[in-house]
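In full-length UniProt numbering, each number is its position in the sequence shown, counted from 1, plus 2. Positions of the beta carbon are idealized from the N, C-alpha and C atoms, including for glycine. Quick caveat, the model's predicted, so the values are computed rather than measured. These notes concern the structure reproduced below.
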Amino acid sequence: RIAYVNGLYVPHAEAVVHVEDRGYQFADGVYEVCEVRGGHMVDERRHMERLVRSLNEIRIRLPMPLAALGVVLRETVRRNRVRNGFVYLQVTRGVARRDHYFPDPETPPSIVVTARAADPAKGEAVAAQGIAIITVPDNRWERVDIKTVGLLPNVLAKEAARQAGAREAWFVDRDGNVTEGGSTNAWIVTGDGKLVTRPAESGILRGITRTVIMEVAEKLQLRVEERAFTVKEALGAREAFVTSATNFATPVVRIDGQSIGDGKPGPVARALRENFHKVAE
Ligand code: PDD
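And the structure:
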């Protein structure tokens, strides 16, 4: 395997950054995960737009034009011979003596890109079964709209899920409303067939998959309601599912040990998943 690190393509085993990288010391950086399908990046433009937004929000200046970054992403995919899988991109504020203030003079950001193959059949098997999730208090900071590498609450929540025999954790805010998953957006389907997901204005990352699923829903003539929903409403929902670049739409069949609907993947989530790649670019 090959990784791109600050201008060089190097063997994955030798792909390292400095101990004083601000990503390492302060989680002072952002990232993107993009699906690769048939050798092409899915929704590359939207991922690049969100990357630029994340960088702007934390005031890291991208040291190369977006077009050049696109070349690096595609080259990393190509060099790893990935047909189906994922590409990971991380940009941090760079290497400087440890000091909380932004480096002055400015240091060049560190850019790392990796790509790996993933067997689509494995994801399909998981989706066919449906996943169990748990709920945990949302103890994250307010700026979860930024796709930062500061993911400790997400790591702890997802590990707690695994310990409980589940795959994902849904964060719940102080009002009892679900915000999102540890690495996914959260959705339910109401008794009258409406899709409900939290508005992206607060408490969540605006998932690229979330946006595409809204377009899929429109194509399937399903109604989407962007509003908060509680754990209680989710427990009584007809269906639930999660979305992300790595999951597309994956049915949720159990929340905190309680079955959702008939305890099997629902038809709406299945239809959204089946149609996802017809709409995603
Ligand atoms: N996670 N919410 C959170 C907290 C996420 O980390 C992610 C993505 C999403 C879904 O966003 P998108 O549809 O753009 O992938 C929502 C990536 C896949 C990860 O951390 O691996």
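In whole angstroms, give me the CA-to-CA distance for Glu29 and Val79. The displayed chain sequence assigns Ala, not Glu, to residue 29. When rounded, the distance between both Cα atoms is 25 Å.
How would you label Asn141, buried or exposed, when you count the other beta carbons within 10 angstroms and need 16 or more for buried? exposed
Contact under 8 Å by Cβ, Val198 with Ser112: no
Examine the Cβ distances between the stretch 108-125 and the stretch 4-11 and report whether three or more of them are shorter than 8 Å. yes
Checking 8 Å against the spacing of the C-beta atoms, do Arg145 and Thr94 come in under that value? no
Closer than 5 Å from C-beta to any heavy atom of the ligand PDD: which residues, in chain order? Val35, Glu182, Ser185, Asn187, Leu207, Gly209, Ile210, Thr211, Ser246, Ala247 and Thr248
Residue closest to Val281, alpha-carbon to alpha-carbon, out of Ala247, Val218 and Ala239: Val218
Quick one, which of Gly259, Val35 and Val44 has its alpha-carbon nearest Ala168's? Gly259
For Asp45 versus Ile210, is the C-beta distance shorter than 8 Å? yes
DSSP three-state label for Asn58, please. helix
Range covered by the alpha helix (DSSP H) that runs through Pro267: It is not in any alpha helix (DSSP H) - Pro267 carries neither H nor E in the DSSP assignment.
Near Arg63, what residues of its chain come up, given a Cβ to Cβ distance below 8 Å and the 5 sequence neighbours on each side ignored? Leu57, Glu108 and Pro111
Contact belief for Phe88 with Arg118 at Cβ below 8 Å, rounded distance in angstroms: 6 Å
DSSP three-state assignment for Met43, whether helix, strand or coil: strand
Bridge partners of Asp23, per DSSP? Val97
Own chain partners of Asn187 with C-beta closer than 6 Å, once the 5 adjacent residues on each side are dropped: Gly209, Arg212 and Thr245
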